[in-house]
Amino acid sequence: MSVKIRLARRGRKKQAMYDVVVADARAPRDGRFIEKLGTYNPNTDPATINLDNDKAFDWVMKGAQATDTVRAMLSYRGIMMKKHLQIGVNKGAITQEEADKKLEAWMKDKESKIQGKVERLAKSKADKKKAALEAEKKVSDARAEGLKKKAQEAEAALVEEIKEGGAEGNEDVEEDVAEVEEAQATETKEETPAEEPKAEAKEEAPAVEAKEEPKAEAKEEAPAEEAKEEDKKEG
0 MSVKIRLARR GRKKQAMYDV VVADARAPRD GRFIEKLGTY NPNTDPATIN
50 LDNDKAFDWV MKGAQATDTV RAMLSYRGIM MKKHLQIGVN KGAITQEEAD
100 KKLEAWMKDK ESKIQGKVER LAKSKADKKK AALEAEKKVS DARAEGLKKK
150 AQEAEAALVE EIKEGGAEGN EDVEEDVAEV EEAQATETKE ETPAEEPKAE
200 AKEEAPAVEA KEEPKAEAKE EAPAEEAKEE DKKEG
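Quick note: the sequence shown, position 19, residue 18 per numbering that gives the first Met the number 0, numbers continuous.
Shown next, in the form of structure tokens:
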């Protein structure tokens, strides 16, 4: 039976994750498997690989054939390097201690490279974020400056308009005052008509004439009295 170490897909659409499994080469991709060795998540940067190194190394030494993707993952985790050194130990080319030391040095170098990559990615991400914030701040400042300039221009235009329209405004006010005074004068004339005093004067005229008649009679009586007095003197 041919055995392969391969990936079995799982996860949501466009968010795929994979299980690293040992399965019969004749089995479907996502079908039955013999053993699960770990998981692989390509959605992170760098990709997240969780493997049981001892089990994976054991299956590799037994002759299980890894797919290209899984082989790259095994090489990344140092399993293929460990296999190479172990073959040298089995052949007597090197001792087990030397193989372990070489593997440890290789793993340290690999870990430092991985850590350096993680730090570079984090720094790059932080720089991009900082640049985006600075660009956004520049746009915001430019927008605020533009609004401030527009407000100043509008204020200056309003002041100029007020200055230009000051004289016209005063003339309009004077015209309004004149119209109000004229309206008040018209109302006063309507409230006190001029014909009524004339009627009263006409009505009072006969009374004056009546008062003047007795004076005329008194003048007529005066000569009669004088005649009587003269007759008395002669007698």
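Note that the Cβ used here is the ideal one computed from N, Cα and C, for glycine as well.
Predicted model, so just to flag it, every value in this text is computed and none were measured.
Own chain, CB closer than 7 Å to GLY10, minus 5 neighbours either side, in chain order: MET16
On a Cα-Cα basis, can you pick out the residue from ASP44, THR38, ARG8 that is closest to PRO27? ARG8
Best match in ALA92, ARG142, ASN52, ASP126 for proximity to MET106 [C-alpha to C-alpha]: Taking each of ALA92, ARG142, ASN52, ASP126 in turn and checking the Cα distance to MET106, the smallest one comes out for ASN52.
Where does the unbroken alpha helix (DSSP H) through ASN52 begin, and where does it stop? 52–60
Per DSSP, which one or two residues make a beta bridge with TYR17? ARG8, TYR39
Name the residue from ALA182, ALA150, MET79, VAL69 whose alpha carbon lies nearest to the alpha carbon of ALA46. VAL69
Anyone know if the C-beta pair for ILE4 and ALA104 falls short of 7 Å? no
With 16 other CB atoms within 10 Å as the buried threshold, where does LYS12 fall? exposed
Per DSSP, what are the beta-bridge partners of ASP23 in this structure? Paired residues: VAL2.
Proximity of ALA63 and VAL2 at Cβ, strictly below 7 Å: yes
Cβ-based burial, ILE113 [other Cβ within 10 Å; buried from 16]: By the 10 Å Cβ count, ILE113 comes out exposed.
Go to THR68, then tell me how far its alpha helix (DSSP H) extends in each direction, as first and last residue. 67–75
Quick check on THR47: does DSSP put it in helix, strand or coil? Annotated three-state conformation of THR47 is strand, per DSSP.
Go to ALA143, then tell me how far its alpha helix (DSSP H) extends in each direction, as first and last residue. 95–163
Could you give the residue range of the alpha helix (DSSP H) that holds GLY91? That residue, GLY91, is in no alpha helix (DSSP H); it is neither H nor E in DSSP.
Candidates LYS109, TYR75, ALA184: which alpha carbon is nearest ASP67's? TYR75
Using beta-carbon positions only, say whether LEU84 and ALA55 come within less than 7 Å of one another. no
Alpha carbon to alpha carbon, how far is MET60 from GLU97? Give it in angstroms, no decimals. Approximately 19 Å between the Cα atoms of the pair.
THR253: which of ASN49, PHE32, LYS162 sits nearest, CA to CA? There is simply no residue 253 to check, as the chain begins at 0 and stops at 234 in what is shown.
Could you please give me the residues that DSSP links to GLU34 through a beta bridge? VAL21
Excluding the five sequence neighbours on either side, which residues of its own chain have a C-beta within less than 6 Å of the C-beta of GLU34, listed in chain order? VAL21
Return the Cβ separation of MET80 and LEU102 in integer angstroms, given the expectation that the two are a contact with Cβ distance under 8 Å. Right, the Cβ-Cβ distance comes to about 6 Å (below 8 Å), so this counts as a contact.
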